[in-house]
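In full-length UniProt numbering, the protein residues as written are 1 to 488. Ideal placement from N, C-alpha and C gives every residue a C-beta, glycine not left out.
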């Protein structure tokens with residue numbers, strides 16, 4: 001409970017960050033409004049970049065508690081708690097849990113949740129922490145199944161596959177690929193060949209399919225192009241091609257992870273020394289070697305593609321905390337306490353910096369729009385997707401988004417315009433009502449009053465020179481455009 005309070009206490013204070021938090025929470029809110037939980041939608045268009053687990057959790061939390069900050073960040077908080085449980089299971093459960101093992105597990109958990117990487121990740125509404133928690137739980141449960149070199153404990157294999165199923169529903173195929181990359185080489189290196197076969201337990205596989213498969217089948221039935229888009233494009237092409245955003249060098253994560261785990265990561269040299277000694281006598285220090293391989297497998301996998309985001313390597317946070325706890329084990333209590341206090345202080349400073357300097361949301365424009373707009377009046381976005389505005393302003397129908405949607409150049413850009421255009425492929429009729437060209441905006445001028453939300457200080461487009469400025473926000477302006485007299 002103390003860990004949850006620490007992670008959740010500040011989750012509600014910070015506005016949604018754009019674009020990711022506004023996008024993902026907005027998709028969950030649209031699901032809740034429509035009462036349809038198979039097809040995620042973004043601005044009313046089918047959005048298949050991610051599976052639906054985060055949206056389901058967020059929608060359920062908002063149903064229970066309303067669109068509060070805690071409800072909107074329920075999914076990453078749940079993922080962080082799953083990671084904490086996984087770490088405790090891996091450390092305290094790697095042998096008969098004596099008091100020394102429990103103390104090491106408690107220290108590892110304390111180090112984990114006092115690193116900015118995990119503290120901020122637990123309060124950031126995207127899929128990364130949720131899948132990291134589920135993947136970590138899958139690895140930890142499978143590790144428990146083989147901890148005593150005897151017949152694998154079936155209940156832990158079943159638990160591992162159930163966790164992997166939720167990981168797949170959180171972010172896709174990596175929910176199975178990452179645990180396999182950690183576990184299979186480890187089982188082979190320790191000559192547990194029967195363990196590899198034990199992982200293919202029929203009951204475990206049946207439960208995995210029962211949990212993970214139905215949504216994929218229903219999505220494919222509703223949208224025949226889903227499998228090609230989700231599996232081929234969003235997995236294999238994104239992994240192998242260089243046309244996506246956030247391109248970084250191969251070594252990126254090997255530098256980022258230690259920095260993200262500061263100040264506890266200052267003990268990495270000591271942890272490396274323990275690892276060198278453990279390598280020479282792995283039988284006595286199998287935990288250290290296993291934790292190191294767990295980290296290496298995650299880093300190597302995500303280092304291969306050119307596109308990289310910091311949150312991708314959250315599955316390496318739990319084993320990193322385990323190694324650091326082993327490095328601190330036996331140190332003077334004052335040193336341990338100082339490390340944890342410094343970590344907590346760094347978390348709060350990082351949170352404050354994000355709160356003050358992070359990308360501003362659109363709460364100001366949303367409040368002005370909700371106060372001035374009558375139900376049914378059209379809302380139009382120009383220059384920016386304003387992903388959080390539909391939720392914050394409680395718009396009952398999707399806004400129109402202005403752009404050059406017919407341009408072939410759009411297919412070569414990895415941005416929000418490409419996301420919306422891709423979404424429009426699954427529902428052309430809905431796309432015609434949402435994705436407007438500038439000419440369509442002018443043509444529909446006579447339909448009635450429109451509300452133009454325009455990014456920055458850009459004036460209204462041609463044909464709307466008579467629009468009235470209603471509000472000035474941090475990221476844009478709100479204009480009212482009535483139908484011209486000639487239309488009446």
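| Asked | Found |
| --- | --- |
| Counting only runs of 4+ residues fully inside the region 352–409, write out the alpha helix (DSSP H) ranges in chain order. | 363–372, 389–393 |
| Classify residue 284 as buried or exposed, calling it buried when 16 or more other Cβ atoms lie within 10 Å of its own Cβ. | A caution first: residue 284 carries a pLDDT of 44, below 50, which makes its placement in the model too unreliable to give a value. |
| Measure the alpha-carbon distance for residue 154 versus residue 370 and round it to whole angstroms. | 55 Å |
| Could you tell me whether the region 51–59 touches the region 98–112, where touching means 3 or more Cβ pairs closer than 8 Å? | no |
| Using the beta-carbon count (16 or more within 10 Å), is residue 232 buried or exposed? | exposed |
| Is residue 307 near residue 250, with beta carbons less than 9 Å apart? | no |
| One question on the structure: do residue 117 and residue 260 come within less than 9 Å of each other, judged by their Cβ atoms? | yes |
| What span of residues does the alpha helix (DSSP H) with residue 442 cover, start to end? | 438–443 |
| Provide the residue span of the alpha helix (DSSP H) that contains residue 327, from first to last. | 317–328 |
| Any contact of the region 341–361 with the region 446–457, i.e. 3+ C-beta pairs under 8 Å? | no |
| Can you grab the Cα-Cα spacing for the pair residue 195 / residue 109, in whole Å? | 28 Å |
| Checking the sheet assignment: what are the DSSP bridge partners for residue 476? | 455 |
| Is the region 56–74 close to the region 40–48, with three or more CB pairs under 8 Å? | no |
| With DSSP run on the structure shown, which of helix, strand or coil describes residue 113? | helix |
| From the DSSP output, in three-state form, read off residue 481 for me. | strand |
| In the DSSP assignment, the alpha helix (DSSP H) including residue 465 goes from what residue to what residue? | Neither: residue 465 is in no alpha helix (DSSP H) and is coded neither H nor E. |
| Cα-Cα, which of 15, 272, 226, 400 is closest to residue 430? | 400 |
| Between the beta-carbon of residue 313 and the beta-carbon of residue 256, is there less than 9 Å? | yes |
| Could you pull out every residue in the same chain whose Cβ sits closer than 6 Å to the Cβ of residue 71, ignoring the five residues on either side in sequence? | 61, 62, 65 |
| Smallest Cα separation from residue 143: which of 113, 329, 185? | 185 |
| Going by beta carbon distance, what residues of the same chain come within less than 6 Å of residue 170, once the five residues before and after it are set aside? | 53, 127, 130, 131, 134 |
| How far does the alpha helix (DSSP H) with residue 299 in it extend, from its first residue to its last? | 286–303 |
| Helix, strand or coil: how does DSSP classify residue 224 here? | coil |
| Would you call the CB atoms of residue 362 and residue 474 closer than 9 Å? | yes |
| Within the region 40–77, note down every full alpha helix (DSSP H) run reaching 4 residues or more, in order along the chain. | 53–65, 69–72 |
| Going by Cα to Cα distance, which pick from 111, 292, 37 is closest to residue 337? | 111 |
| Could you check the C-alpha separation between residue 208 and residue 85 for me, to the nearest Å? | 20 Å |
| For the pair the region 455–468 and the region 422–437, tell me if three or more CB-CB distances fall below 8 Å. | no |
| As a quick exercise: from 76, 67, 68, 141, pick the residue whose alpha carbon is nearest that of residue 92. | 141 |
| Let me check one thing: in DSSP terms, what residues is residue 247 bridge-paired to? | 307 |
| Does the beta-carbon of residue 123 have 16 or more other beta-carbons within 10 angstroms, so that it is buried, or is it exposed? | buried |
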